[in-house]
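2 protein chains.
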Amino acid sequence: MPDTVLSVWTDNQRAEPGAERPDGTRRRATIHDVARLAGVSRQTVSRAVNDKGEIDPATKERVLEAARLLDYRPSRFARGLVQKGAVTAGLVIPDLRNPFFPEVAAGVLEAAEQRGWQVVVWDSRIDEARERQALDVLSHQADAVVGYFKDPDDVLTRHLGGVPLVLLERGPQQTRFAAVGIDAATGVEQGMNHLFRAGHRRIGMLDGVHGPGPRRLAFLEQVRRLGLPVDEDWIVVCPEHSVAGGEAGMERLLRARPGVTAVFGFNDLIAVGAMRTARRHGRSVPDDLAVLGFDGLSLGELVEPALTTLHIDKRQLGRLAVEQVARLRAGEEPLRGADAWVTPELVVRESA
Amino acid sequence: MPDTVLSVWTDNQRAEPGAERPDGTRRRATIHDVARLAGVSRQTVSRAVNDKGEIDPATKERVLEAARLLDYRPSRFARGLVQKGAVTAGLVIPDLRNPFFPEVAAGVLEAAEQRGWQVVVWDSRIDEARERQALDVLSHQADAVVGYFKDPDDVLTRHLGGVPLVLLERGPQQTRFAAVGIDAATGVEQGMNHLFRAGHRRIGMLDGVHGPGPRRLAFLEQVRRLGLPVDEDWIVVCPEHSVAGGEAGMERLLRARPGVTAVFGFNDLIAVGAMRTARRHGRSVPDDLAVLGFDGLSLGELVEPALTTLHIDKRQLGRLAVEQVARLRAGEEPLRGADAWVTPELVVRESA
DNA sequence: AACGCTCACGTGAACGTTCACGGCCCCCCA
DNA sequence: TGGGGGGCCGTGAACGTTCACGTGAGCGTT
Chain U
1 MPDTVLSVWT DNQRAEPGAE RPDGTRRRAT IHDVARLAGV SRQTVSRAVN DKGEIDPATK
61 ERVLEAARLL DYRPSRFARG LVQKGAVTAG LVIPDLRNPF FPEVAAGVLE AAEQRGWQVV
121 VWDSRIDEAR ERQALDVLSH QADAVVGYFK DPDDVLTRHL GGVPLVLLER GPQQTRFAAV
181 GIDAATGVEQ GMNHLFRAGH RRIGMLDGVH GPGPRRLAFL EQVRRLGLPV DEDWIVVCPE
241 HSVAGGEAGM ERLLRARPGV TAVFGFNDLI AVGAMRTARR HGRSVPDDLA VLGFDGLSLG
301 ELVEPALTTL HIDKRQLGRL AVEQVARLRA GEEPLRGADA WVTPELVVRE SA
Chain A
1 MPDTVLSVWT DNQRAEPGAE RPDGTRRRAT IHDVARLAGV SRQTVSRAVN DKGEIDPATK
61 ERVLEAARLL DYRPSRFARG LVQKGAVTAG LVIPDLRNPF FPEVAAGVLE AAEQRGWQVV
121 VWDSRIDEAR ERQALDVLSH QADAVVGYFK DPDDVLTRHL GGVPLVLLER GPQQTRFAAV
181 GIDAATGVEQ GMNHLFRAGH RRIGMLDGVH GPGPRRLAFL EQVRRLGLPV DEDWIVVCPE
241 HSVAGGEAGM ERLLRARPGV TAVFGFNDLI AVGAMRTARR HGRSVPDDLA VLGFDGLSLG
301 ELVEPALTTL HIDKRQLGRL AVEQVARLRA GEEPLRGADA WVTPELVVRE SA
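Below you can see the structure in the form of structure tokens.
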């Protein structure tokens, strides 16, 4: 290589052309171009770049040099067309900034990697339109999709164009699609028992969604079972699934039900927000107000007091989702019921 | 559709076959199979599934029905081969569980989405072998790669096979590749000025990497500039970039330099760990010991005392990386110097 | 001298789409 | 009655690889 270090440095990585077209634009170099320049056949080029055997080391070097010169890169499409087996899954996540979802994603990536699949990730930013948009793209580019979607089945089907879908955190009774989820009922039961045994009778909920989702339904069932007072003022919906959302929700709950002695948060971020608001109102946690989270984020150990929460194995959730995809692809029946759930586990720390 | 609801529910999403092969396995249905079943040509099938015009509504419906029957999905490879323009970028992240990286990823995803690109994500889990592995795959499947890599240029080149690479957080002097990074010098200067003005003279560093990385070099320069005492005992390397790592590192620092009055953390998690250890040793923060972080994670506002830190615009970092990729693809010169940096900003909260 | 074997390399076919045509039929209008 | 035009549909070709062969040169063995 006669290039000086400087020129290598400067020209580094610049897209250098294959061939000039009549219209002046540049076409990407093909295996043909390389073959011609190196004076060999396509097959020999293929042998060189994929370093297979049956090729003279000298010609191999010559071919690679030609490839470098033309900035040749094999077309992944042409390649994929002839060698099957490359699997791409789509993953649609509502909000990467909520620490819950990166953990789920990590589980998906881990399981996908083990199977040799790759994952293209979309952040829908809690926007249903963006969810559909993600589906539109992924239905063209992925072999399967897993993710969080709010739309009903028929809408999803319309944007899916036949690719298999695995829903995250949708009860199977709410969808015909394969799904993996969280056993909210069992989790909430553990949590409410814990609060009840600690003497709490006026328990509020800071929900995260408007409709009667699984967590709220489970909460209501426990409230009924334990014979606690309840009306809709005990449940307030936070404007967002964040600390700020939890703070706002707690403000409203304290106004509506000043007598509340414990709150059950839709997730850990909301619970943390609740603690902050409570403290700002002069109530100490857990003495004046107990706070229970739902997620088991590691940041719950860092706040003060440390958050008592229902811990979810988030990686496992992701891994399960990938397994569902594998089943669909194999033509098997997807997991239903408890096998497709992750059961929360109560982690008692300090806040309740 | 004569199917009962039940059968739809049950058979849902199961991979139903295209055609039986001699060996008994099933082949995915092609456009040809659909055409034959519907009694039309490929082109007509194409028109139906891509809903273009020039097709009779009745035949269209017939074709779509046939496609449904065969579970036909167009091959994305065959499609990509003929219509250019689909861009896939690879993103390699060290650890999705460190809140810093999901934010960077969010920036990458956001910018990629705006350009109509998709992103396949790999979590290398801070393992250099896995980094290379990711490169091996992505060099085959992606049109460009951006990510965190520890290997030197030549190793990367070998695993890259010609695809453009943008490095995250590597000073351009350390690599010939295009890069985006953090202006550690400016950031550390701000931080150290802040500590110095508060009266601190014995300042330790909890580093995150073994070599003399940019943050440590900047630290040493500031120490020299301010005329502070320094030897290697003032710098300890934490075993990992986590709260636990910070706790362990702080234990060692306190043992080596009990007179320390302030510590500068490699990142926010380490700084939080330092605070916890300090407190466990009976030192109150910031009175007995000031702690300064580097990252600006939102969890820094939640801990107590709230973490003073050098805030980095992590999304911007991701967006910049995508812009670098775009430049490389366009054959332009990548950004160098300050345009490719994100400058940290001191956020004074309570810990220092 | 005939055979066989290995090494290095080339050739046609196939992968599954879309694109650019071209053709047919029917209707309408002059 | 002729021609024009639009609606609907089909036919080759092309996209860029890899795969399964085929070929010829060179060398050693019998």
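Those protein sequence lines, which keep their order, are chains U and A. The first sequence begins at 1 in full-length UniProt numbering and counts up by one. The second sequence begins at 1 in full-length UniProt numbering and counts up by one. The C-beta atom is built at its ideal place from N, Cα and C for all residues, glycine as well.
Of all Cβ atoms in chain U, is any one closer than 8 Å to the Cβ of residue i?
{"i": "A:Val325", "result": "no"}
{"i": "A:Phe149", "result": "no"}
{"i": "A:Phe294", "result": "no"}
{"i": "A:His140", "result": "yes"}
{"i": "A:Asp119", "result": "Note on residue identity: the sequence assigns Val, not Asp, to residue 119 of chain A. It does; some Cβ of chain U falls within 8 Å."}
{"i": "A:Pro57", "result": "no"}
{"i": "A:Ala86", "result": "yes"}
{"i": "A:Leu109", "result": "yes"}
{"i": "A:Asp33", "result": "no"}
{"i": "A:Arg14", "result": "Residue confidence for A:Arg14 is low, a pLDDT of 42 falling below 50, so the modelled location carries little weight; the figure read from the coordinates is stated next. Yes, because at least one Cβ of chain U sits closer than 8 Å to the Cβ of A:Arg14."}
{"i": "A:Arg280", "result": "no"}
Output the distance between the C-alpha atoms of residue i and residue j, rounded to the nearest integer angstrom.
{"i": "A:Asn267", "j": "A:Phe294", "result": "4 Å"}
{"i": "A:Pro229", "j": "A:Gln173", "result": "29 Å"}
{"i": "A:Ile31", "j": "U:Ala179", "result": "30 Å"}
{"i": "A:Ala29", "j": "A:Leu37", "result": "11 Å"}
{"i": "U:Leu253", "j": "A:Ser298", "result": "25 Å"}
{"i": "U:Arg130", "j": "U:Thr175", "result": "20 Å"}
{"i": "U:Val8", "j": "U:Phe177", "result": "Note that U:Val8 scores a pLDDT of 30, beneath 50, so its modelled location is shaky; the value from the coordinates is reported in the next line. Distance between the alpha carbons of U:Val8 and U:Phe177: 53 Å."}
{"i": "U:Ser139", "j": "A:Arg76", "result": "10 Å"}
{"i": "A:Gly80", "j": "A:Asp207", "result": "46 Å"}
{"i": "U:Gln13", "j": "U:Val322", "result": "Residue confidence is low: U:Gln13 scores 46 on pLDDT, short of 50, so the model does not pin down where it sits. No coordinate-derived value is stated."}
{"i": "U:Arg257", "j": "U:Leu160", "result": "45 Å"}
{"i": "A:Glu16", "j": "A:Leu64", "result": "With a pLDDT of 42 at A:Glu16, under the threshold of 50, the modelled position of that residue is not reliable, and the figure given next carries that caveat. Cα-Cα distance, rounded: 15 Å."}
{"i": "A:Glu304", "j": "A:Met275", "result": "9 Å"}
{"i": "A:Arg224", "j": "A:Leu217", "result": "11 Å"}
{"i": "A:Met192", "j": "A:Val260", "result": "14 Å"}
{"i": "A:Leu109", "j": "A:Ala340", "result": "18 Å"}
{"i": "U:Arg27", "j": "U:Glu333", "result": "46 Å"}
{"i": "residue 358 of chain U", "j": "A:Arg73", "result": "Because chain U is modelled from 1 through 352, residue 358 of chain U falls outside the range shown and cannot be assessed."}
Taking residue i as part of the beta strand (DSSP E), name the residues at either end of that continuous run.
{"i": "U:His311", "result": "Thr308 to His311"}
{"i": "U:Ala144", "result": "Ala144 to Gly147"}
{"i": "A:Leu206", "result": "Ile203 to Asp207"}
{"i": "A:Thr88", "result": "Thr88 to Ile93"}
With distances taken between CB atoms, is the gap from residue i to residue j smaller than 8 Å?
{"i": "A:Thr66", "j": "A:Ala142", "result": "Here the sequence assigns Ala to residue 66 of chain A, which means Thr is not the residue at that position. It is not a contact, given that the beta carbons lie outside the stated cut-off."}
{"i": "A:Ile203", "j": "A:Phe149", "result": "no"}
{"i": "A:Val348", "j": "A:Leu307", "result": "no"}
{"i": "U:Val62", "j": "U:Glu54", "result": "The residue asked about is misnamed: residue 62 of chain U is Arg in this sequence, not Val. No, the pair does not count as a contact, with Cβ atoms beyond the cut-off."}
{"i": "U:Gly147", "j": "U:Ile235", "result": "no"}
{"i": "U:Gly246", "j": "U:Ile270", "result": "yes"}
{"i": "U:Gly187", "j": "U:Gln316", "result": "no"}
{"i": "U:Arg283", "j": "U:Leu289", "result": "yes"}
Return helix, strand or coil for residue i, following the three-state DSSP convention.
{"i": "U:Ala117", "result": "The residue you asked about is not Ala; residue 117 of chain U is Trp in the sequence shown. In the structure shown, U:Trp117 sits in coil (DSSP, three-state: anything other than H, G, I, E or B)."}
{"i": "A:Arg27", "result": "strand"}
{"i": "A:Val163", "result": "coil"}
{"i": "U:Phe48", "result": "Per the sequence presented here, residue 48 of chain U reads as Ala, with Phe not at that position. Looking at U:Ala48 - three-state DSSP - the assignment turns out to be helix."}
{"i": "A:Phe264", "result": "strand"}
{"i": "residue 354 of chain U", "result": "Because chain U is modelled from 1 through 352, residue 354 of chain U falls outside the range shown and cannot be assessed."}
{"i": "U:Thr59", "result": "helix"}
{"i": "U:Asp123", "result": "strand"}
By the DSSP assignment, the alpha helix (DSSP H) with residue i in it spans what residues?
{"i": "A:Val243", "result": "Val243 to Ala256"}
{"i": "A:Ala340", "result": "Per DSSP, A:Ala340 belongs to no alpha helix (DSSP H) and is neither H nor E."}
{"i": "U:Arg226", "result": "Inspection of the sequence shows that residue 226 of chain U is occupied by Leu rather than by Arg. Counting along the chain, the alpha helix (DSSP H) containing U:Leu226 begins and ends at Pro214 to Leu226."}
{"i": "A:Asp136", "result": "Glu128 to Gln141"}
{"i": "U:Gly80", "result": "Arg76 to Val82"}
{"i": "A:Phe196", "result": "Ala184 to Arg197"}
{"i": "U:Gly318", "result": "Lys314 to Ala330"}
Hey, is residue i's beta-carbon within less than 8 Å of any beta-carbon in chain A?
{"i": "U:Gly18", "result": "Unreliable positioning characterises U:Gly18 in this predicted model, as indicated by a pLDDT of 48, which lies under 50. The coordinate reading is nonetheless provided below. Answer no: the Cβ-Cβ gap between U:Gly18 and chain A never drops below 8 Å."}
{"i": "residue 353 of chain U", "result": "Only positions 1 to 352 of chain U appear in the structure, and residue 353 of chain U is not among them; the question remains open."}
{"i": "U:Pro258", "result": "no"}
{"i": "U:Phe77", "result": "yes"}
{"i": "U:Gly80", "result": "yes"}
{"i": "U:Leu69", "result": "no"}
{"i": "residue 401 of chain U", "result": "Any answer about residue 401 of chain U is impossible in this case: the structure gives chain U only from 1 up to 352."}
{"i": "U:Val155", "result": "no"}
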